[in-house]
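Contents: one structure, followed by commentary.
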Amino acid sequence: MKLKAMLIASVMSLLPLSGYAADLTIGFSQIGSESGWRAAETTVTKQEAEKRGINLKFADAQQKQENQIKAIRSFVAQGVDAILLAPVVATGWDEVLEEARESEIPVLLLDRTVDAPEDLYMTAVTSDLVHEGRVAGTWLVDEMAGAKCNIVELQGTTGSSPAIDRKKGFEEGIAGHDNLSIIRSQTGDFTRSQGKVVMESFLKAEGGDNICALYAHNDDMAVGAIQAIKEAGLKPGQDIKIVSIDSVPDIHLAMADGEANATIELTPNMAGPALDALEAYLADGTVPPKWIQTESKLYTLKDDNKAIYEMKKDLGY
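Just so we're aligned: the sequence shown equals residues -21 to -1, 1 to 296 in mature numbering (1 follows the signal peptide of the UniProt record, and there is no 0).
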């Protein structure tokens, strides 16, 4: 049943919203499982769908845009009622999103944005990615208190909105502080394995004594880097300060052990607000804003990181 027909039916019958939610079939194109946070987002999205009685069709793109485009076209062919999309990169979506629009299937973006006309998607549920990076940079400014600090940066997947925006925000956060400088910056593709490999190359090129801090665009790369730092005979969190983004359980465990210093939370529940917006539209035609912002929170060594780890460890990370 297409959304337009469901909207008309819901207005006419005035039945409870949950009765229609149970009839929904929604496609979910997920980037992959490159990180603990990504796995948690998948788990939480499935939980949100089950809770609402929604039939969720899941497609793992294995970090390839071509797989996501194929999945969206498959969802359109199946006549789903809506599509949730966590886009692997920001560009190259216009054609397939236009196909979804022509079939009157709304697309809701999760945790990442796209460089496409706004009328091609219903809403984007994301954190403020630039703000996350800015918080990380500001934390390091305060932590160093004017002392000289050479920074190495582990970037996310090249071309992705988190990599672009988290880099931009961090640079804004440290701007005007000449004691802080980024001396090396390279993609670790948001994975632990590549985070370790790239950190090893940083240490080989610069030497541990010349690196004061690591900024990682996500926690998984930071966890991989921590292993590389330890294998180099250095103390992560002490010899090299570490700030990263996502607030996954393992980074809190590292912080509890003094091996990382700060993380900025990215909630894995992007589907909840997205499905709320979709259901409100079905109920009375309420059109959501183009951007629904989720909350970000800074955690440091001052927090009870062991307790936070225990709270998060069973969320699917």
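Glycine included, C-beta positions come from ideal geometry on N, C-alpha and C.
Please read these numbers as outputs of a predicted model, since none were measured by experiment.
Where does residue i fall in DSSP's three states?
i	result
residue 146	helix
residue 8	strand
residue 160	strand
residue 140	helix
residue 228	helix
residue 254	helix
residue 37	strand
residue 129	strand
residue 291	helix
residue 61	strand
residue 269	coil
residue 83	coil
residue 217	coil
residue 42	coil
residue 223	strand
residue 285	helix
residue 24	helix
residue 185	helix
residue 48	helix
residue 104	strand
residue 56	helix
residue 306	Lying before the first or after the last residue shown, residue 306 is absent from the chain, which here runs from -21 to 296.
residue 194	strand
residue 277	strand
residue 92	coil
residue 70	coil
residue 238	coil
residue 244	strand
Excluding five sequence neighbours on each side, which residues of the same chain lie with their C-beta closer than 8 Å to the C-beta of residue i?
i	result
residue 183	none
residue 12	18, 21 and 39
Please return the same chain residues whose Cβ sits closer than 6 Å to the Cβ of residue i, not counting the five positions on each side in sequence.
i	result
residue 19	247, 294, 295 and 296
residue 193	131, 204, 219 and 221
residue 227	15, 16, 198 and 296
residue 163	131 and 181
residue 46	40
residue 3	33 and 60
residue 179	207
residue 202	171 and 229
residue 125	158
residue 271	102, 104 and 252
residue -19	With a pLDDT of only 46 at residue -19, under 50, the local geometry of the prediction cannot be trusted, and the value read off the model is given with reservation. Correct list, in chain order: 60.
According to the Cβ coordinates, are residue i and residue j closer than 8 Å?
i	j	result
residue 99	residue 122	no
residue 298	residue 155	Residue 298 lies beyond the residue range present for the chain, which begins at -21 and ends at 296; the question has no answer from this structure.
residue 63	residue 89	yes
residue 61	residue 85	yes
residue 173	residue 200	yes
residue 166	residue 135	yes
residue 71	residue 111	no
residue 256	residue 133	no
residue 50	residue 8	yes
residue 115	residue 224	yes
residue 158	residue 235	no
residue 189	residue 240	no
residue 142	residue 231	no
residue 254	residue 80	no
residue 242	residue 106	no
residue 120	residue 252	no
Could you tell me how far apart the beta carbons of residue i and residue j are, in whole angstroms, since I believe they sit closer than 8 Å?
i	j	result
residue 36	residue 6	5 Å
residue 309	residue 213	Residue 309 is absent from the model: the chain starts at -21 and stops at 296.
residue 276	residue 244	4 Å
Within the same chain, show all residues whose beta-carbon is closer than 7 Å to that of residue i, passing over the 5 residues directly before and after it, in chain order.
i	result
residue 268	102
residue 238	205, 215 and 216
residue 52	75 and 78
residue 140	69, 91, 92 and 108
residue 10	17, 40, 42, 65 and 67
residue 175	203, 204, 206 and 207
residue 265	259
residue 144	108, 109 and 112
residue 94	69 and 70
Using a beta-carbon distance below 8 Å, is residue i in contact with chain C?
i	result
residue 83	The structure shown has no chain C; it contains just one protein chain.
With contact counted as at least three CB pairs below 8 Å, one residue from each stretch, are the stretch 20 to 35 and the stretch 205 to 212 in contact?
no
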